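Residue numbers (numbering that gives the first Met the number 0): 0 to 188.
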Amino acid sequence: MDYARMRALAEELGAFAEHLEGAWSVEIGPSGPILAMMCPSKRHEGTVRRICEQLDEQLLDTHPGYICANGPEIEHPAIGRMRRHDAVVIPESALDEEGLAVDATQVLAVVEIVSPSYPNDDYGEKLSEYPAMGIPHYLIVDPRTGTIEVHSDPCRNRYSRKEPYIFGDSVPFGPWSVETAAFRRYGQS
0 MDYARMRALA EELGAFAEHL EGAWSVEIGP SGPILAMMCP SKRHEGTVRR
50 ICEQLDEQLL DTHPGYICAN GPEIEHPAIG RMRRHDAVVI PESALDEEGL
100 AVDATQVLAV VEIVSPSYPN DDYGEKLSEY PAMGIPHYLI VDPRTGTIEV
150 HSDPCRNRYS RKEPYIFGDS VPFGPWSVET AAFRRYGQS
């Protein structure tokens, strides 16, 4: 199925999801359009908020006009993908455009907080799709293990650099830094 048809199906699913209870997201993955219920935990959302606040403050100096947001989706028609992330660094003006998704060429960085129920997506498909989309920086925060991975230097469907960190570290992420002392693991106080 070509991307235009998958995109049309994704839009139909998105319109359908607006009438459902709960929070839903639509993505286009390797198998085509997917409708998934989102149920992030408070700890997951707290980590997203902390990262967005830190990056927003630094973006004022490094990339004026850019923000760290937890929506909208990212799409790359050439590889047939549209993905939902936990946070993304994009031009603020992109939020005023029509449509569901931001073109991947506008994205400076993506952040994923690993879910306790489905960790394979962040370490598997997205770890190959984001570099294929040309996204320069990818941060994976894993509250299951208290670890962080910073991926950079995209080359086809992989990142050529990977730097590991643990909760409590000051994590270099592209031209920014993320302080992780306040990050909490799942199931721990």
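We put the CB at the ideal spot given by N, CA and C, even for glycine. Everything numeric in this text was worked out from a predicted model, so none of it was measured.
Residue 140 to residue 4 span [Cα, whole Å]: Looking at the two C-alpha atoms, the distance is approximately 33 Å.
I'd like to know if the segment 143-150 and the segment 43-50 are in contact, where contact means that at least 3 CB-CB pairs between them fall below 8 Å. Two segments are said to touch when three or more pairs of C-beta atoms, one from each, lie closer than 8 Å; by this definition the segment 143-150 does not touch the segment 43-50.
Using DSSP with H/G/I as helix, E/B as strand and the rest coil, what is residue 193? No answer is possible for residue 193: the residues shown for the chain start at 0 and end at 188.
N- and C-terminal bounds of the beta strand (DSSP E) containing residue 141: DSSP places residue 141 inside the beta strand (DSSP E), whose first and last residues are 136-141.
Taking residue 8 as the reference, which of 79, 108 and 64 has the closest Cα? The option with the nearest alpha carbon to residue 8 is 79.
Along the chain, where does the beta strand (DSSP E) containing residue 55 start, and where does it finish? Where residue 55 is concerned, there is no enclosing beta strand (DSSP E), although the alpha helix (DSSP H) it sits in stretches over 41-61.
Please confirm whether residue 103 and residue 74 have their CB atoms less than 8 Å apart. Yes.
Can you give the beta carbon distance from residue 166 to residue 184, rounded, assuming they're within the 8 Å contact cut? Between residue 184 and residue 166 the Cβ distance is about 7 Å, and since that is below 8 Å, they are a contact.
Among residues of its own chain, excluding the 5 on either side of residue 129, which ones have a beta-carbon nearer than 6 Å to its beta-carbon? The residues are 109 and 137.
I need the boundaries of the alpha helix (DSSP H) containing residue 93, first residue and last residue. In this chain, residue 93 is not harboured by any alpha helix (DSSP H), its DSSP state being neither H nor E.
Could you pull out every residue in the same chain whose Cβ sits closer than 8 Å to the Cβ of residue 154, ignoring the five residues on either side in sequence? Result list for residue 154: 130, in chain order.
Pull up the CB-CB distance for residue 159 and residue 43, whole angstroms please, since I reckon it's below 8 Å. In this structure residue 159 is not in contact with residue 43, their Cβ atoms being roughly 29 Å apart against a cut-off of 8 Å.
Cutting at 7 Å between CB atoms, please list the residues of its own chain near residue 82, excluding the five before and the five after it. Counting only Cβ-Cβ distances below 7 Å, and skipping sequence neighbours, we find 26, 72, 73, 125 and 128.
Can you check whether the CB of residue 65 is closer than 8 Å to the CB of residue 97? No, they are not a contact pair.
Assuming contact is defined by CB atoms lying nearer than 8 Å, are residue 76 and residue 2 in contact in what I supplied? Their beta carbons are under 8 Å apart, which means residue 76 touches residue 2 by this criterion.
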